[in-house]
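Counting from 1 along the sequence shown, just add 92 to a position and that's the residue number in the working numbering. Note that the Cβ used here is the ideal one computed from N, Cα and C, for glycine as well. Scroll down for the structure; my scribbles are underneath it.
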Amino acid sequence: MGVIFKNLMNRLGHKKYYIQGGDWGALIGSCMATMFEDEVLGYHSNMLVVQNGWSTFKTIIGAFVPSLVVEPHLADRMYPLSKYFAFLMEEFGYLHLQATKPDTIGVSLSDSPAGLLTYILEKFSTWTRLEHRSLADGGLSYRFSKDQLIDNLMLYWSTNSITTSMRLYAENMSNKNRALGIEG
């Protein structure tokens, strides 16, 4: 994806540029800043992600001796890890599905506006405010108007792009991408 954005910037006549990214843009921006250091003048992210062996090792060590990894007054933000594993098991099924079978789930959602709406609204509910999941409307009315939610749905429905949006997961988690050796 970073190569596509780099090529777009070049076609628009920008040989050097600044980038900003959050969510997937954070991972894409990190790759772009690493791969195209002569073109990317600066990179800003509002979602910091560190995905490398050293950070994973430190996180695991911290599960046993948190003070080796984080200041004591911050330890409760990271540990115990079990509170995160329960969340991951419950909420990351979509990630595995989209990373391994984007065309299967994408075609299914492309055939049903109600199915697509349900899938998208569940993500909005869970990722906006986890504790609102148990509310009748998933807490959606606390943060979004119906127009905002329908607008988001229509971006995917009218362009028939839910499948291609899910392929981003598969491409990012592919062996080919990992072989680049870029760790965010």
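The three-state reading of DSSP puts Val132 in strand, counting E and B together.
Listed as beta-bridge partners of Ile111 by DSSP are Tyr135. Rounded to whole angstroms, the Cβ separation of Thr218 and Glu163 is 30 angstroms, and the two are not in contact under 8 angstroms. Using a 10 angstroms sphere on the CB of Ser122, the tally of other CB atoms reaches 16 or more, which defines it as buried.
DSSP places Met265 in no alpha helix (DSSP H); its state is neither H nor E. Taking 8 angstroms as the cut-off, the beta carbon of Lys108 is found no closer than this to the beta carbon of Met124. Classified as buried, Tyr261 has 16 or more neighbouring CB atoms from the shown chains inside 10 Å of its CB. Counting only runs of at least 4 residues, the region 222-246 fully encloses the following alpha helix (DSSP H) elements, listed from N- to C-terminal order: 232-235.
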